[in-house]
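Here's the structure we're looking at; comments come further down.
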Amino acid sequence: MPNDFWSSVHTASSCTRTSNTIMSQTLLSTLALTLLALTACGGEARGAATVEAAATEPKVISRPANYSLVWSDEFSTDGFPDASKWLHETGRNKEGWYNNEKQYYSGPRLENAQVRDGLLRIAARKESRSDQADWGGQTYSSTRLATLGRRDWTYGFFDIRAKLPCGKGTWPAIWMIGSRGDWPAGGELDIMEWVGSRPDRVFSTVHTTAGSGGNGRGADTAIADACKAFHNYQMHWTAKEISFAVDGRVHFSYLNPGTGTAAWPFDAPQFMILNVAIGGDLGGPVDDSIFPVQMEIDYVRVYQKTP
Ligand SMILES: [Ca+2]
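Sequential numbering of the sequence shown, starting at 1392, is according to the numbering used here.
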């Protein structure tokens, strides 16, 4: 997998859109390797750090008092996701999404993404959209939304309140990719990763040139009811440090080592992605009895330091 992965990244160097799709392969590869590492080693550094954090007083973060809201979607207007804020990413449907993922990502379609009663609902369904020109043989449908081309941010406090889809084979994510340059030079910030086969853990990971793919830096935390209750998935990103939290409790912080952009490409803008993948090397075997399933998002709020 690493050889294919690196050659894919290399060939994507001329196109931002292509780079974005490559990003998902990277994400998938990374998560697979991360899970493998956690499974194989159990007590390696990340696991140990998480245990330590849980056993002692956790670091707590909240929106700094001198920050103000600069962008949000409260999902208060029923219907399609707001097209001025969200792009439906579909570019990899025909050839198939990475890492053996099994979903087809629909364009605007209420069955796969709709706002209702104050919530954005990204729904994965067991169905073949064989009537679509870009259908690639998938047997599930879902949605991947991005603020690509709409809005991106450098630094800030990001607060996303969401409830994840239960069931084996689900793989929801809330994450960000650098708007400029290629991966991993542009960096990637995975605010929340979760798989239905390990429903008690939430993962956060940082990818840079210095540490990407299987060498991404991150940690997980225990959240027992992530698919049954709403939680706030948060990231506080400054010029010095990026901290990831659930409901204010930090489970991972990535410090700027001050050695340049290879390890810290995070002085440049990133855009946000919300998606529900199905199956694949990390999502694992899919329980077909679970569908339809949905990730519900109450709001996405971005705060930045008040000038
Ligand atoms: Ca709402």
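Think of the CB as a built atom: it goes at the ideal place given N, C-alpha and C, for glycine as much as any other residue.
Distance cut-off 7 Å: residue i Cβ against heavy atoms of ligand 1
| i | result |
| --- | --- |
| R1690 | Residue identity check: residue 1690 is Tyr in the sequence provided, not Arg. Flag set: Cβ of Y1690 near ligand 1. |
| F1548 | no |
| G1470 | no |
| E1687 | no |
| F1466 | yes |
| G1509 | yes |
Where the alpha helix (DSSP H) through residue i begins and ends
| i | result |
| --- | --- |
| D1672 | G1671 to G1674 |
C-alpha distance - residue i paired with residue j, whole-angstrom precision
| i | j | result |
| --- | --- | --- |
| L1623 | D1550 | The question names Leu, but residue 1623 in the sequence shown is Asn. So the two alpha carbons sit approximately 6 Å from each other. |
| S1467 | L1511 | 9 Å |
| A1630 | N1647 | 7 Å |
| W1477 | N1666 | 12 Å |
| Q1625 | Q1661 | 15 Å |
| K1493 | S1634 | 32 Å |
| S1669 | A1553 | It should be noted that the sequence gives Ile, not Ser, for residue 1669. One C-alpha to the other measures close to 18 Å. |
| G1487 | T1534 | 14 Å |
| Y1690 | A1515 | 20 Å |
| Y1489 | G1482 | 12 Å |
| E1480 | Y1495 | 10 Å |
| G1578 | K1619 | 31 Å |
| G1470 | L1536 | 15 Å |
| K1517 | T1530 | 6 Å |
| G1434 | L1555 | Residue placement at G1434 cannot be trusted, given a pLDDT of 25 that sits under 50; the coordinates are not used to answer. |
| N1606 | L1539 | 26 Å |
| R1608 | V1597 | 5 Å |
| S1570 | W1655 | 14 Å |
| D1525 | S1519 | 12 Å |
| S1521 | H1627 | 42 Å |
| L1501 | G1649 | 46 Å |
| V1506 | P1472 | 6 Å |
| Q1695 | D1543 | 12 Å |
| G1651 | G1509 | 42 Å |
| G1547 | S1459 | 9 Å |
| E1584 | P1698 | 32 Å |
| I1688 | F1682 | 18 Å |
| P1575 | E1465 | 31 Å |
| S1603 | I1513 | 28 Å |
| A1504 | Y1645 | 33 Å |
Residue i - containing beta strand (DSSP E), residue span
| i | result |
| --- | --- |
| Y1495 | Q1494 to Y1496 |
| K1517 | L1510 to K1517 |
| S1453 | Careful: S1453 lies outside any beta strand (DSSP E) and carries neither H nor E. |
| S1467 | Neither: S1467 is in no beta strand (DSSP E) and is coded neither H nor E. |
| A1636 | E1632 to V1637 |
| W1566 | T1561 to G1569 |
| Y1624 | H1622 to W1628 |
| E1584 | E1579 to E1584 |
| Y1645 | R1640 to L1646 |
| A1617 | From DSSP, A1617 is part of no beta strand (DSSP E); its letter is neither H nor E. |
| L1536 | R1535 to A1537 |
| R1507 | A1504 to R1507 |
| Q1595 | Correcting the residue identity first, residue 1595 is Ser in this sequence and not Gln. From DSSP, the beta strand (DSSP E) with S1595 extends over R1592 to H1598. |
| Y1690 | V1684 to K1696 |
| I1551 | G1547 to K1554 |
Residue j beta carbon less than 8 Å from that of residue i
| i | j | result |
| --- | --- | --- |
| A1613 | I1452 | no |
| M1567 | M1663 | yes |
| G1527 | K1485 | yes |
| S1680 | F1643 | no |
| V1641 | V1461 | no |
| S1497 | S1463 | no |
| V1593 | A1617 | yes |
| R1347 | S1588 | Nothing about residue 1347 can be read from this structure; the chain reaches only from 1392 to 1698. |
| A1564 | D1581 | yes |
| A1653 | A1610 | no |
| T1545 | A1659 | yes |
| C1557 | V1684 | yes |
| T1561 | G1674 | yes |
| D1638 | N1491 | no |
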